[in-house]
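Below is one structure; the comments refer to it alone.
Numbering (the numbering used here), first residue to last: 42 to 786.
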């Protein structure tokens, strides 16, 4: 139903020309997007504010815009003072104009912010006021929503009985008007309250009732929220496997429907569950993902809670220095919101005390060991052996962490696999290793990386499946182990020179499998006869699995990047086919902009986004009618306004596409001028993004040297003179200096 209304409003927005009607449609759409896509909601509110800037007397619309903006600031940035200021402003205006709906909505946002700030009495005051407003206007749904809000305040202040009463009334009201999905929200809140009360049977019952409604109504957000609640219940009763299944399914739904904030919270729950299971490697992996996403979303709550969990992990592992660092980050960030400096100092002192105590205990144990050493020689040997095993385990964990870091930090497959091979040799005590990648198209294994060889590694010819030791391991899909190569009947035929020159004796061929498919083969070499243990095999399989996943992820990433670039270039070619005078322009300015940008020390990822922005710089012209775009004569003032709207059309077209958001500087700002006389925003000087300033020079340079219906091609000398004259007017003087040196080269 919501999707149908959304499509209907989007279509109506495109057709309407009445400014007030357009503002009202935009605000309705923005509220629909509040859970679905907070960034789309933000873009819509900005559109509304732009329209309202010329109509300051439209107070009702101003109040509604401020209310939505306050909610957006609260959700996106967790900037509580700003959100509170905007909501209070909305409340003041809505009270003046008698807009009860916006008045109540602003009160609810004020309550929400105060609830997050732990100001329970103020939160309850404003939720109750909102409820009274809804009762006066007869808004049943509004009353039910306000009751949920009141119930949440009771919950946070640990008044669970009144919370249950409010949520039950809200559910009844929603069901009375057939708003089943919202009734499901209230039932889920009831389940959560029973969890807080320790009544897990009732918690599970109400959560399952809510889940049934969510699945019947196809309410994706409710479904993932309820699964999250059920997961927390099972977590509290130590059913970690059940909890993990529920969290993972909830995360899957959140990712599918782009519930980014909910997905981040669920990732944290997954990490917390792994912490409870003492699976610190998995927990750390998920918590670092939470940090990355939460920083992108500006969600301080998820950030500081993740720091706390990471600190607990390091404390459990005895890495007190790292624990202290993360506790400090946790309390610093938490203090910004809740002012808990005393709590911070107390916790840090506790950890320091524990660390000092641990050192003292270690010293006592050490002294006792010295005193007992002569009498317990046998025991000492056992301890030495145990320490060696522990060191090996710590070394293995360090290797796995180094590999994880390499996979996350680099997009270069060769660089990643080199680190994997180095860590593999270290962790497996191997003398050398090599990696052969499998090309499914030609059914061949080819060596791409190696480590630990005495002489420069001469690249071997590709192998077919079944050929050589690596081919046999790939064919049998299992580890091939040869303890003594000198006893092999075919040793003279296979890698003869390599064995002789390097002095290898033992060999392992390890197939790398991801998603049921062969990705390559590891070869592990020893110069002594190696007898592997079960622990050794376990570590080998873990490393092999990481390698296979890294190779598979790299292939997927490359395919995705190719798809992105092909699509963007296709769009650009489509525009050029439509506007034949600019044929080849996009390719030329893209190459030149990409090369020129490298002189400004952009990162590799930024260069990619600059390239994409350059390819799509004129995509907004798709929205300009042919009668104007292809007009051979001088444009009228009205026609020029249409043409000059193309940067904002580009922003509207591209901003909903997640991977293109970092590439919007050029499409939106490439017609801005250094002196502030450009369009569409009239930005000036360094307020214009650097990428757009670079592109502006390149774009004009190519246009001057290209023939148009209204002008002939300029010579290089004439074009350079013009660009030099426009430094400080149209162009950034610093960019012009670099550009002129670039052209000379």
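Yeah, the Cβ is synthetic: ideal placement off N, Cα and C, and Gly gets one too.
Problem - Helix, strand or coil at residue 492 according to DSSP, with G and I counted as helix - result: Within the chain shown, residue 492 is the residue found at index 451, counting from 1. Three-state DSSP puts residue 492 in a strand.
Problem - Where the beta strand (DSSP E) through residue 557 begins and ends - result: Taking the chain shown and counting its residues from 1, the one referred to as residue 557 is at position 516. It is not in any beta strand (DSSP E) - residue 557 carries neither H nor E in the DSSP assignment.
Exercise for the section: Could you check what DSSP says for residue 57 in three-state terms: helix, strand or coil? Expected result: Counting from 1 along the chain shown, the entry for residue 57 is found at position 16. If DSSP states are grouped into helix, strand and coil, residue 57 belongs with coil.
Handout entry: Secondary structure of residue 550, DSSP reduced to three states
Key = Residue 550 sits at position 509 when you count from the first residue of the chain shown. In this structure, residue 550 counts as strand in the three-state DSSP scheme.
Practice task
Buried or exposed for residue 98, please, with buried defined as at least 16 other CB atoms from any protein chain shown within 10 angstroms of its CB.
Solution key: The residue labelled residue 98 in the question sits at position 57 within the chain shown. Its Cβ having fewer than 16 others within 10 Å, residue 98 is exposed.
Exercise for the section: Put residue 720 into one of helix, strand or coil per three-state DSSP. Expected result: Within the chain shown, numbered from 1, the residue matching residue 720 stands at position 679. Three-state DSSP puts residue 720 in coil, outside helix and strand.
Handout entry: Classification of residue 239 by the beta-carbon crowding that lies within 10 angstroms, buried from 16 upward
Key = Here the question's residue 239 lines up with position 198 in the chain shown. When all chains shown are included, residue 239 counts as exposed.
Practice task
Could you check the C-alpha separation between residue 50 and residue 66 for me, to the nearest Å?
Solution key: Here residue 50 corresponds to residue number 9 of the chain shown, with the count starting at 1. Here residue 66 corresponds to residue number 25 of the chain shown, with the count starting at 1. Each residue's Cα considered, the two are about 6 Å apart.
Handout entry: Three-state secondary structure assigned by DSSP to residue 523
Key = Residue mapping note: residue 523 aligns to position 482 of the chain shown, counting from 1. Residue 523: strand per DSSP, three-state reduction.
Handout entry: Short CB-CB distance (under 7 Å) between residue 743 and chain C
Key = In the displayed structure, chain C is absent; only one protein chain is listed.
Exercise for the section: Give a yes or no on contact between the region 163-170 and the region 190-206, applying the rule of three or more CB pairs nearer than 8 Å. Expected result: yes
Practice task
May I have the straight-line CA-CA distance separating residue 769 from residue 349, to the nearest angstrom?
Solution key: Working through the chain shown from its first residue, we reach residue 769 at position 728. Working through the chain shown from its first residue, we reach residue 349 at position 308. Going from the Cα of residue 769 to the Cα of residue 349 covers about 51 Å.
Problem - Coarse secondary structure for residue 180, derived from DSSP in three states - result: Position 139 of the chain shown holds residue 180. Coil, per DSSP.
Exercise for the section: Examine the Cβ distances between the region 170-182 and the region 129-137 and report whether three or more of them are shorter than 8 Å. Expected result: no
Exercise for the section: With DSSP collapsed to three states, give me the class of residue 42. Expected result: For the purposes of this step, residue 42 is identified with residue 1 of the chain shown, where counting begins at 1. Confidence at residue 42 is low in this model, with a pLDDT of 48, below 50, so the placement of that residue should be treated as unreliable; the coordinate-derived value is given next. Coil.
Exercise for the section: Just mark residue 390 as buried or exposed, buried being the case when its beta carbon has 16 or more other beta carbons within 10 Å. Expected result: Taking the chain shown and counting its residues from 1, one reaches residue 390 at position 349. Note on residue 390: pLDDT 42, under 50, position unreliable in the model; no value is reported.
Problem - Stretch-stretch touch, CB-based, cutoff 8 Å, three pairs: the region 730-745 with the region 637-644 - result: yes
Practice task
Just the C-alpha distance for residue 241 and residue 360, rounded to the nearest angstrom, thanks.
Solution key: Along the chain shown, one-based indexing puts residue 241 at 200. Along the chain shown, one-based indexing puts residue 360 at 319. Taking the straight line joining both Cα atoms gives about 36 Å.
Problem - C-beta contact flag for residue 688 and residue 721 at 7 Å - result: Here residue 688 refers to the residue found at position 647 of the chain shown. Here residue 721 refers to the residue found at position 680 of the chain shown. Yes.
Problem - Alpha carbon of residue 576 to alpha carbon of residue 552, nearest angstrom - result: Here residue 576 refers to the residue found at position 535 when the chain shown is read from its first residue. Here residue 552 refers to the residue found at position 511 when the chain shown is read from its first residue. Between residue 576 and residue 552, the C-alpha separation is close to 19 Å.
Handout entry: First through last residue of the alpha helix (DSSP H) which encompasses residue 295
Key = As a first step, residue 295 must be located in the chain shown, where it is residue number 254. Per DSSP, residue 295 belongs to the alpha helix (DSSP H) from 281-297.
Exercise for the section: Would you list the one or two residues that DSSP bridges to residue 485? Expected result: Stepping through the chain shown from its first residue, residue 485 is reached at position 444. Bridge partners of residue 485: 480, 505.
Exercise for the section: Spell out the partners DSSP gives residue 772 in its beta bridges. Expected result: What you label residue 772 is simply residue 731 of the chain shown in a count that begins at 1. Its beta-bridge partners are 768.
Handout entry: Reference residue 853, options 179, 196, 550, 408, closest by Cα
Key = Summary: the structure shown does not reach residue 853, with the chain confined to residues 42 through 786, and so no result is reported for it.
Exercise for the section: Count the C-beta pairs between the region 290-307 and the region 316-324 that are closer than 8 Å, then say yes if the count reaches three, no if not. Expected result: no
Problem - C-alpha distance - residue 210 paired with residue 149, whole-angstrom precision - result: As a position in the chain shown, residue 210 is number 169, starting the count at 1. As a position in the chain shown, residue 149 is number 108, starting the count at 1. The straight-line gap from Cα to Cα measures roughly 18 Å.
Exercise for the section: Classify residue 591 as buried or exposed, calling it buried when 16 or more other Cβ atoms lie within 10 Å of its own Cβ. Expected result: What you label residue 591 is simply residue 550 of the chain shown in a count that begins at 1. Buried: at least 16 other Cβ atoms inside 10 Å.
Handout entry: Best match in 294, 587, 466 for proximity to residue 454 [C-alpha to C-alpha]
Key = Locating residue 454 in the chain shown gives position 413, where the first residue counts as 1. It is 587 whose Cα lies nearest to the Cα of residue 454.
Exercise for the section: Indicate the three-state DSSP secondary structure (helix, strand or coil) for residue 565 in the structure shown. Expected result: Position 524 of the chain shown, counted from the first residue, corresponds to residue 565. Residue 565 falls in the strand class under three-state DSSP.
Handout entry: alpha helix (DSSP H) segments (min. 4 residues) lying fully within the region 648-694
Key = 667-670, 678-684
Problem - Contacting residues, own chain, Cβ-Cβ under 7 Å from residue 233 (five flanking each side not counted) - result: Your numbering for residue 233 matches position 192 in the chain shown. Correct list, in chain order: 270.
Exercise for the section: With DSSP collapsed to three states, give me the class of residue 473. Expected result: Within the chain shown, the letter at position 432 stands for residue 473. Strand at residue 473.
Exercise for the section: Please report how far the alpha carbon of residue 771 lies from the alpha carbon of residue 651, in whole angstroms. Expected result: Here the question's residue 771 lines up with position 730 in the chain shown. Here the question's residue 651 lines up with position 610 in the chain shown. Approximately 20 Å between the Cα atoms of the pair.
Practice task
Label residue 756 either buried or exposed according to how many other C-beta atoms from any shown protein chain fall within 10 Å of its C-beta, with 16 as the threshold for buried.
Solution key: As a first step, residue 756 must be located in the chain shown, where it is residue number 715. Exposed, because fewer than 16 other Cβ atoms sit within 10 Å of the Cβ of residue 756.
Practice task
Leaving out five residues on either side along the sequence, give the residues of the same chain with a beta carbon under 7 Å from the beta carbon of residue 745.
Solution key: Sequence index remark: in the chain shown, residue 745 carries index 704 (1-based). Correct list, in chain order: 755, 760, 763.
Problem - Pair within 7 Å by beta-carbon distance, residue 307 and residue 292 - result: For the purposes of this step, residue 307 is identified with residue 266 of the chain shown, where counting begins at 1. For the purposes of this step, residue 292 is identified with residue 251 of the chain shown, where counting begins at 1. Yes, these two residues count as a Cβ contact at 7 Å.
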